[in-house]
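Position 72 (the sequence shown) corresponds to 1105 in the working numbering; numbering is contiguous.
Following: one structure in structure tokens, then a few remarks.
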Amino acid sequence: EESLEDIKQLTQEEKMNEAAQLLLVCAATESKFAQFMLGRELFKGVLLTKNIPEAYEKMYSLAMEDYPEALCDLAQFYEHGINVAKDKKKAEHYFKEAANFGIKRAQTHYQRLKKENRGFFKR
């Protein structure tokens, strides 16, 4: 995680090549956090070339290992139909799982989607 702070610092200093190289080195380790950050970077495309399918695969893989932040990000892929068919029920499910791990942003999204998915006539 210390190296990931270095990546942030290098990015702020606009040393993008160095930051990208350090991110790739960190993500090659067993650190789920580093792999998660790689997935996010592949989605954003700031340090590395944007690659939505690879970002999805990274988030999906981490989510299947119950990595809480990845569950939340995976839910967003489903909610917005990014690289997958839009599926708000699946998004609600993943937001709920992330919320159960204590991810606050997931709790907010879960409550919102739960209400939307319930529909007008359902209880």
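Yeah, the Cβ is synthetic: ideal placement off N, Cα and C, and Gly gets one too.
Only a predicted model underlies this, so the values are computations on that prediction, with no experimental measurement involved.
Sequence-distant residues of its chain with Cβ nearer than 6 Å to residue i (five each side left out)
i	result
Ala1108	Ala1124, Tyr1127 and Phe1128
Asn1133	none
His1142	Phe1128
Pro1101	Ala1131, Phe1134 and Ile1136
Nearest-angstrom Cβ-Cβ length linking residue i and residue j, presumed shorter than 8 Å
i	j	result
Leu1095	Gly1072	7 Å
Ile1040	Leu1057	Between Leu1057 and Ile1040 the Cβ distance is about 10 Å, and since that is not below 8 Å, they are no contact.
Thr1044	Leu1080	7 Å
Lys1122	Asn1150	6 Å
Cutoff 7 Å; reference residue i; Cβ partners in own chain excluding five residues on either side
i	result
Lys1091	Gln1068, Leu1071, Gly1072 and Leu1075
Pro1116	It should be noted that the sequence gives Asn, not Pro, for residue 1116. Excluding positions up to five away in sequence, the list reads Ile1085, Pro1086, Tyr1089 and Phe1110.
Arg1138	Cys1105
Met1049	Leu1080
Residue i burial status per 10 Å Cβ neighbour count (16 or more: buried)
i	result
Asp1106	buried
Ala1088	buried
Glu1112	buried
Tyr1052	Position check: residue 1052 holds Ala in this sequence, whereas Tyr was assumed. Its Cβ being crowded by 16 or more others within 10 Å, Ala1052 is buried.
Interface flag, residue i vs chain B, CB-CB below 8 Å
i	result
His1113	The structure shown contains no chain B, having only a single protein chain.
Residues of its chain near residue i, where Cβ-Cβ distance is below 8 Å and the 5 sequence neighbours each way are ignored
i	result
Lys1083	Leu1075, Phe1076 and Lys1077
Ala1060	Ala1067, Gln1068, Met1070 and Leu1071
Exercise for review: Scan the segment 1044–1076 and note each continuous alpha helix (DSSP H) run of 4 residues or more that stays entirely inside, going in chain order.
Suggested key: 1049–1060
Review point. Which runs of the alpha helix (DSSP H), 4 residues or longer, sit entirely within the segment 1090–1129?
Key: 1101–1113
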